[in-house]
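Colleague: For the record, in the sequence shown the residue sitting at position 123 is 252 according to this note's numbering, with numbers rising by one throughout.
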Amino acid sequence: MSSMKPRPKPDVFNKGFWEAANQRQLTVQRCDDCAHSHYPGTPVCPGCLSSKQSWVPVSGRGTLLSWVRFHRAYWDGFREEVPYNVILVGLEEGPLMISNLLGAEPEDIRIGDAVEVAFETVDDTLTLPKFRPAGAVA
Ligand SMILES: [Zn+2]
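1) Between the Cα of valine 197 and those of Leu255, Arg208, Tyr213, Gly241, spot the shortest distance and give me the residue it belongs to.
2) Helix or strand or just coil, what does DSSP make of tryptophan 147?
3) Ligand 1 heavy atoms versus the CB of serine 166: any closer than 7 Å?
4) For valine 185, which residues in the same chain have their Cβ closer than 7 Å to its Cβ, ignoring the five residues on either side in sequence?
5) Enumerated in chain order, which unbroken segments of the beta strand (DSSP E) with a length of 3 residues or greater are wholly contained in the segment 157-200?
6) For threonine 256, which of Asn151, Lys144, Cys174, Ile240 has the nearest alpha-carbon?
7) Can you give me the Cβ contacts of alanine 263 inside the same chain, cut-off strictly under 8 Å, excluding the 5 residues immediately before and after it?
8) Given this structure, state the Cα-to-Cα distance separating arginine 201 from aspartate 162, to the nearest angstrom.
9) Are glutamate 222 and serine 166 touching if we call contact CB-CB under 8 Å?
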């Protein structure tokens, strides 16, 4: 089991996100009372503390804000993939998301360049939202 990659553990606060991802839809949590959009999911709205929140689809478009390259495998399951990139994306709708860049290396594009979501199917029950340079061929 130690060679397996860690998997998301769906709970009441993130279940909607992962269910949508499995349908290849990127979502963020939006407050039903004040419309504050945020990610990851939280028990109460960071804007007004309401507990009435919903997962709503977003465009999947964003900009590359930052990136790093992991040279160390913190989990054995990633050992064969190091070094790999980890990126910070600012979604068009505001929330930030940490992911990986597909189809290019981060140093080949510029901070501020447009990226778009690209779903990576792991298996029947898990699809990971990742990103690629906007306009790239799948
Ligand atoms: Zn709110």
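Each residue gets a CB set at the ideal place from its N, CA and C atoms; glycine is no exception.
Here the structure is a predicted model, which means the values were calculated and not measured.
Modeller: The answer reads as follows:
1) From the listed residues Leu255, Arg208, Tyr213, Gly241, the smallest Cα separation to valine 197 is found for Tyr213.
2) For tryptophan 147, the three-state secondary structure derived from DSSP is helix.
3) No - ligand 1 has no heavy atom lying nearer than 7 Å to the Cβ of serine 166.
4) So the qualifying residues of the chain are Thr156, Val157, Arg159.
5) If we require 3 residues or more, the beta strand (DSSP E) runs fully inside the segment 157-200 come out as 182-186, 190-199.
6) The candidate whose alpha carbon is nearest that of threonine 256 is Asn151.
7) If we look at alanine 263 and ignore the five residues flanking it on each side, its Cβ neighbours are Arg190, Asp242, Ala243, Val244, Glu245.
8) Taking the straight line joining both Cα atoms gives about 43 Å.
9) In contact: glutamate 222 and serine 166 (Cβ atoms closer than 8 Å).
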